[in-house]
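Beneath this line is the structure, given in C-alpha cells, with notes to follow.
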Ligand SMILES: [Zn+2]
C-alpha cells in the first residue's frame, strides 16, 4: 500500500518539477510557500500567503477526521495532495476526580496552515469521510497576498507588545495572548492575567529549563461588554472574539462561537508572527478548548497547567497518556513518541531509556518501562512512566516526553535564508504537512483525483477512487459490504452508511449524518446513533 502510494507520488513530483522554471538546486524542483486557510459554510478562503520560513510551529494533532486538500493546475492535474486535522473541530480536556479526559466540539468552521508548492492553481478542500468538496479557492503563490482586515480596527488598540524579551525570535516560540470580554478599562487586568499565566507555566515542570525559549506577547483588543457568552444560561455578550461557554456536556469548551471571532484571533496571530495564540476569556469558571494553534482558556487557576499540557500536543507532538475518552481503536500503532502498542523492553520506542525489569510494568512502580493504559485505551496501549504531564495535570513530563522537548528546541534553529520561502528542511519530513519538495514525504496522501479518468498508472482503483474507476461492488443492494450505495442509508443499513460504519463514534458517517456527542444539539444524528452508546 505504501509502496504504491510512493510510486504514484513520485509521478506527481516529476510533473511538478517539469513545470518548474526556477532552476532550483533541489532534485524535486519547486519551492514552497506557507498558506493560511479558513473554512466555513460558505467555502474555503485563502487568508494569507507567506514565506515558509515563518510557518507556525503549533499543530494540534487530531486522531481522526482529517480534511483532504489538493492543489490542481489549470488542466485539472493534481500538483499535490495532503491532509490536515479537521479545522472545524475544537478539542477540550478537563481534569475531574484526578483523571483527565477529552471531548470534541463541532464548530462548523475553522482555520489553519499548510505549505504548498509555489505554483498557481486551484486549492480544493474535501470532507474527510465523504470526499465531498467543501470549497475551492484560486491559489496565487505570490508572497504577501493577504485578505482585507476582518474587524473594525477601532477595537484593536496599538501593536502587539512583547513582555518577555529573553528569546531570539527565530529560536523561540512566540505566544500571543488576546483578551476577550475585557472592556477598555479592564485591559490592564487582561495584561496582568497574561503575564501571570505565562510566568507560571514557564516556571513549572520541565518548561523551566527552556523559559528563555518562549516569548510572550499581548495584543490589546477592546470588548464592548464584560464577560463571555453562556448560551445555556441565555447570556450573550458583545465581545471582541465572541468566546462563550460550550453547550450542555461541553460547557468547559470555551472557544469563539462565531467564525468571525476565530478568524480575527488567527489574523492577529499572523500579524504578530505568533506560533500559538491564546485567548484569555474573562470568566473565572473552569474551561478551555483548542483548535489548530489557537486556544482559549479562562481566568481559572488551572490555566497554566492546561497551557503546559496543551503545548505538549501543539509543539512536541506528544500524545495523551490517559486511558479514558472516546472510543478509539485500541492497540493501533502510534506515530507519537510517548504512546505505543508495543509492551516489551525491546520493542517500546523508548527502549534506550528503559530502567524497569518487569513488562508490562506494574502501576505504581518507578522508572521507565511500559505501563499499560494510554492513548484513551485502558488496554493494548502503553506509556513510558507511571505518571506524566500528558496523563494528569500538575505532574512533570516523564523522561520520554522531556526528551521530545529537548529535541524540539535542539531543532529550532534560525532559518538559513529567511524570507525567500525556498528552504526544504529535513524536519518537514513526516511532520503532518505534505511537502513535495522532499520527494518522498509520507504526509502526502494518495487520493483519488476526481478527473473522471481511472488512472491505473497512478494506482487508482475501485477501492480508493470509486468516482473515477466505478464501484468494486457488483451488488449495490448488499448491506454489509462496506460500501454505502444503492438504496442504502443510515436508517436501513447503518453498518455501511451510519455510525456503525465509522468504527469509532466521533465524526461524520458516509451518508453525511453525524455520530458525535453534539449531533443531538445540531439535529443531524444518524439513525443508528445508539450504537455509539453515548
Ligand atoms: Zn491532552
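Residue numbers (the working numbering): 257 to 790. The beta carbon of each residue, even a glycine, is placed where N, CA and C say it ideally should be. Here the structure is a predicted model, which is why all the values come from computation and not from measurement.
Three-state secondary structure assigned by DSSP to residue i
| i | result |
| --- | --- |
| residue 710 | coil |
| residue 778 | helix |
| residue 560 | helix |
| residue 515 | helix |
| residue 430 | strand |
| residue 744 | coil |
| residue 212 | Outside the shown range of the chain (257 to 790) lies residue 212, about which nothing can therefore be said. |
| residue 478 | coil |
| residue 443 | helix |
| residue 659 | helix |
| residue 306 | strand |
| residue 773 | coil |
| residue 469 | helix |
| residue 785 | helix |
| residue 410 | helix |
| residue 721 | coil |
| residue 609 | helix |
| residue 618 | coil |
| residue 700 | strand |
| residue 694 | helix |
| residue 649 | coil |
| residue 415 | strand |
Spatial neighbours of residue i in its chain, beta-carbon cut-off 6 Å, leaving aside the 5 residues before and after
| i | result |
| --- | --- |
| residue 745 | 753, 767 |
| residue 498 | 512, 513, 514, 517 |
| residue 530 | 430, 432 |
| residue 203 | For residue 203 there is no data in the structure shown, the boundaries of the chain being 257 and 790. |
| residue 654 | 640, 641, 644 |
| residue 257 | Legend: pLDDT at residue 257 = 22, less than 50; position of this residue unreliable, value from coordinates given subsequently. Correct list: empty, nothing qualifies. |
Rounded separation between residue i and residue j - CA only
| i | j | result |
| --- | --- | --- |
| residue 504 | residue 650 | 27 Å |
| residue 372 | residue 470 | 28 Å |
| residue 357 | residue 632 | 8 Å |
| residue 436 | residue 612 | 47 Å |
| residue 573 | residue 694 | 21 Å |
| residue 775 | residue 781 | 5 Å |
| residue 586 | residue 636 | 6 Å |
| residue 296 | residue 723 | 25 Å |
| residue 359 | residue 569 | 15 Å |
| residue 736 | residue 784 | 14 Å |
| residue 501 | residue 439 | 19 Å |
| residue 610 | residue 618 | 14 Å |
| residue 525 | residue 534 | 9 Å |
| residue 787 | residue 750 | 9 Å |
| residue 576 | residue 488 | 29 Å |
| residue 409 | residue 344 | 26 Å |
| residue 294 | residue 741 | 32 Å |
| residue 727 | residue 589 | 30 Å |
| residue 624 | residue 548 | 31 Å |
| residue 673 | residue 691 | Its pLDDT being 47, under 50, residue 673 is placed unreliably by the model, and the measurement read from it follows with that caveat. If I take the Cα positions, the gap works out to 18 Å. |
| residue 681 | residue 594 | 24 Å |
| residue 591 | residue 790 | 28 Å |
Same chain only: Cβ atoms within 7 Å of residue i, ignoring 5 sequence neighbours per side
| i | result |
| --- | --- |
| residue 376 | 395, 396, 397 |
| residue 290 | 306, 307, 308, 310, 311, 369, 371 |
| residue 561 | 649, 650 |
| residue 683 | 667 |
| residue 554 | 510, 537, 539, 540, 541, 542, 543, 544 |
| residue 643 | 651 |
| residue 486 | 500, 501 |
| residue 580 | 355, 357, 632 |
| residue 747 | 783 |
| residue 546 | 316, 346, 347, 566 |
| residue 463 | 457, 564 |
| residue 313 | 429, 531, 571 |
Beta-carbon proximity list for residue i, same chain, < 8 Å, skipping 5 on both sides
| i | result |
| --- | --- |
| residue 598 | 604, 605, 626, 638 |
| residue 419 | 447, 450, 451, 454, 472, 473, 474 |
| residue 406 | Confidence at residue 406 is low in this model, with a pLDDT of 46, below 50, so its placement is unreliable and no value can be given for it. |
| residue 270 | With a pLDDT of 30 at residue 270, under the threshold of 50, the predicted position of this residue should be treated as unreliable, though the coordinate-derived value follows. So no residue of the chain qualifies. |
| residue 459 | 467 |
| residue 381 | 293, 295, 300, 323, 324, 325, 389, 390, 391, 392 |
Opposing strand residues paired with residue i [DSSP bridges]
| i | result |
| --- | --- |
| residue 345 | 362 |
| residue 639 | 627 |
| residue 822 | A query on residue 822 cannot be resolved here, the shown segment of the chain reaching from 257 to 790 and no further. |
| residue 790 | Answer is none; residue 790 lacks a bridge partner. |
| residue 370 | 291 |
| residue 351 | 356 |
| residue 666 | Its beta-bridge partners do not exist; DSSP assigns none. |
| residue 391 | 381 |
Residue-chain proximity (residue i, chain D), Cβ-Cβ < 8 Å
| i | result |
| --- | --- |
| residue 601 | The structure shown has no chain D; it contains just one protein chain. |
- [ ] Please list the segments of the beta strand (DSSP E) lying wholly inside the stretch 488 to 513, counting only runs of 3 or more residues, in order along the chain.
- [x] 499 to 501
- [ ] Mind listing, in chain order, the continuous alpha helix (DSSP H) runs of no fewer than 4 residues lying wholly within the stretch 526 to 606?
- [x] 559 to 570
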